[in-house]
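At position 266 of the sequence shown (counting the first as 1) the number is 252 in the numbering used here, and the numbers step up by one without a gap. All C-beta atoms in this analysis are idealised placements derived from N, C-alpha and C, irrespective of residue type, glycine included. The model shown is predicted, which means the values in this text are computed figures rather than measured ones.
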Amino acid sequence: MGTGRIPPRETEGKMRERNPIRKRQMNVNARALAQISMNLPTRRTFLAGSASAALSPTLLAGPVRHRSGKKGLGITAKNPNWVERVQSLDLDWFYTWGARLPKDTPEGLQFIPMLWGWYGDKSIKALDQIQTASQNASDKTLLGFNEPDGKAQSNISVDKAIRVWPELMKTGLPLASPACVHADGKWMQEFMTKAQAKKLRVDFVCIHSYSGPNPGNFLAKVQKIYRMYGRPLWITEFAIGDWSAKSVKENKHHPQKIGNFMRAVLPQLNRTPYVHRYAWFPASTTNRALGTSALFKPDGSLTGLGNLYREL
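This is the structure we're talking about:
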């Protein structure tokens, strides 16, 4: 989803039969899985230059925050001032759609690696690096492929994903499912059915959501997906989108309305035991569909919604 965060696509080589590759641990790191699977303890744009989109003081003011350990962000280290951006949001964790811990990651901020797509031997090497790095990591989880059901994203067939999934299992890390465009769609349902039939391990299910600002509809969808697959959830991308908008100025979802959505949804996600993590998608203020959901202004400072996300 979005632009500016897709890793350079490498030429995909044919999968080759491998005599036991460098052996990676097959068993789940039980301690790490237990830490993530347990009930997490309590914790914790908009239109730049447009006077008509100014946020009211009531949106800027947030309630006293109780840390849940759940609040995160997807952001690439290619973003200008990315370190200052993640620090400004008072996050618990972040990811970059990539496998490597970025240089200058702030101390105490958890980084979660992702295997974005599958590129044969290069992906095998990335998994080896992830496993090695995880030995000293504060959190031990691996995110699966990004939007494999999307042609503009990792675009992997179900059969291919099932075929290579054991390679992810060999890291011994708790595994989050592929993060589909539609978590309740055909691709994901077929993947989960085949994974179960082959006894492949999927510890969490990832969700992406870019619907309207109706808290009830969003929370109902989250509950539906939890009941569908029976696994804890990571909401790795969500924001409010107006896909009919031809420009940011025509976007019908005003930041004030999106702020009300945040106020209703985030406390509920923090209280819901089966929602383990969530990450708002930091769209650019110039994105016609998502610009009014932006957390950062072009200079990297927080929008009104960014301030609210920090406080909730």
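Taking its Cβ as the centre, do 16 or more other Cβ atoms sit within 10 Å of Gly68, making it buried, or is it exposed?
Before going on, a small fix: residue 68 reads as Trp here, not Gly. The residue is buried, with at least 16 neighbouring Cβ atoms inside 10 Å.
Suppose the cutoff is 6 Å on Cβ atoms and the five residues either side in sequence are ignored; what does the same chain contact list for Gln139 look like?
Asn132, Glu133
Alpha carbon of Ala225 to alpha carbon of Gly245, nearest angstrom:
11 Å
Under 7 Å Cβ to Cβ from Gln21, same chain only, skipping five residues before and after it: list those, please.
In this predicted model, Gln21 has a pLDDT of only 41, less than 50, meaning its place in the structure is not dependable enough to derive any value.
To which residues of the same chain is Tyr215 closer than 7 Å at the C-beta, ignoring the five residues directly before and after it?
Met178, Val191
To the nearest angstrom, report how far apart Thr271 and Arg71 are at their CA atoms.
15 Å
Keeping to the same chain, check which residues put their C-beta closer than 8 Å to that of Pro152; ignore five residues upstream and five downstream.
Leu186
With a threshold of 6 Å on Cβ separation, who are the neighbours of Leu276 within its own chain once the five nearest residues in sequence on each side are excluded?
Ala225, Gly227, Ala269
Can you name the start and end residues of the alpha helix (DSSP H) that Phe247 belongs to?
241 to 257
Min CB distance Ile244 to chain B below 8 Å
Given the protein chain composition of this structure (a single chain), no chain B is represented.
Could you give the distance in angstroms between the alpha-carbon of Trp266 and the alpha-carbon of Asp107?
32 Å
If I'm right that Asp189 touches Leu161 with Cβ under 8 Å, what's the distance once you round it to whole angstroms?
5 Å
What is the rounded straight-line gap between the Cα of Ile221 and the Cα of Leu77?
15 Å
Cβ separation of Leu129 and Ile148, assumed to be a contact under 8 Å, to the nearest whole Å
At roughly 17 Å, the Cβ-Cβ gap does not stay under 8 Å, so Leu129 and Ile148 are not in contact.
Measuring alpha carbon to alpha carbon, tell me which residue in Val167, Val251, Lys180 is nearest Gly202.
Val251
Taking Leu219 as part of the alpha helix (DSSP H), name the residues at either end of that continuous run.
Segment 219 to 224 is the beta strand (DSSP E) holding Leu219; no alpha helix (DSSP H) there.
Measuring CB to CB, does Asp135 end up less than 8 Å from Trp173?
yes
Indicate whether Tyr295 and Leu281 have their beta-carbon atoms separated by less than 8 Å.
yes
Return the CA-CA distance between Leu205 and Pro164, expressed in angstroms with no decimal places.
21 Å
Using the rule of at least 16 other Cβ atoms within 10 Å of the residue's Cβ for burial, across every protein chain shown, is Trp229 buried or exposed?
exposed
When DSSP builds the beta bridges, which residues end up paired with Ser279?
Paired residue(s): none; Ser279 is not in a bridge.
Would you kindly report the start and end of the unbroken beta strand (DSSP E) that includes Arg263?
261 to 266
Quick check on Asn203: does DSSP put it in helix, strand or coil?
helix
Rounded to the nearest angstrom, how far is the Cβ of Leu101 from that of Ala85, given a contact under 8 Å?
6 Å
Where Pro284 sits in the DSSP three-state scheme
coil
Are Arg263 and Ser233 close, meaning C-beta to C-beta below 8 Å?
no
In the DSSP assignment, what residue or residues form a beta bridge with Gln96?
Trp79
Between the C-alpha atoms of Gln182 and Arg217, what's the straight-line distance to the nearest angstrom?
12 Å
N- and C-terminal bounds of the alpha helix (DSSP H) containing Val69:
68 to 74
In the structure shown, what three-state DSSP assignment does Leu59 receive?
strand
So the beta strand (DSSP E) Val191 belongs to, where does it begin and stop?
191 to 195
For Lys243, collect the residues of the same chain with a Cβ closer than 6 Å to its Cβ; drop the 5 residues on either side in sequence, then sort them by chain order.
Pro199
Beta-carbon proximity list for Lys210, same chain, < 7 Å, skipping 5 on both sides
Asp170
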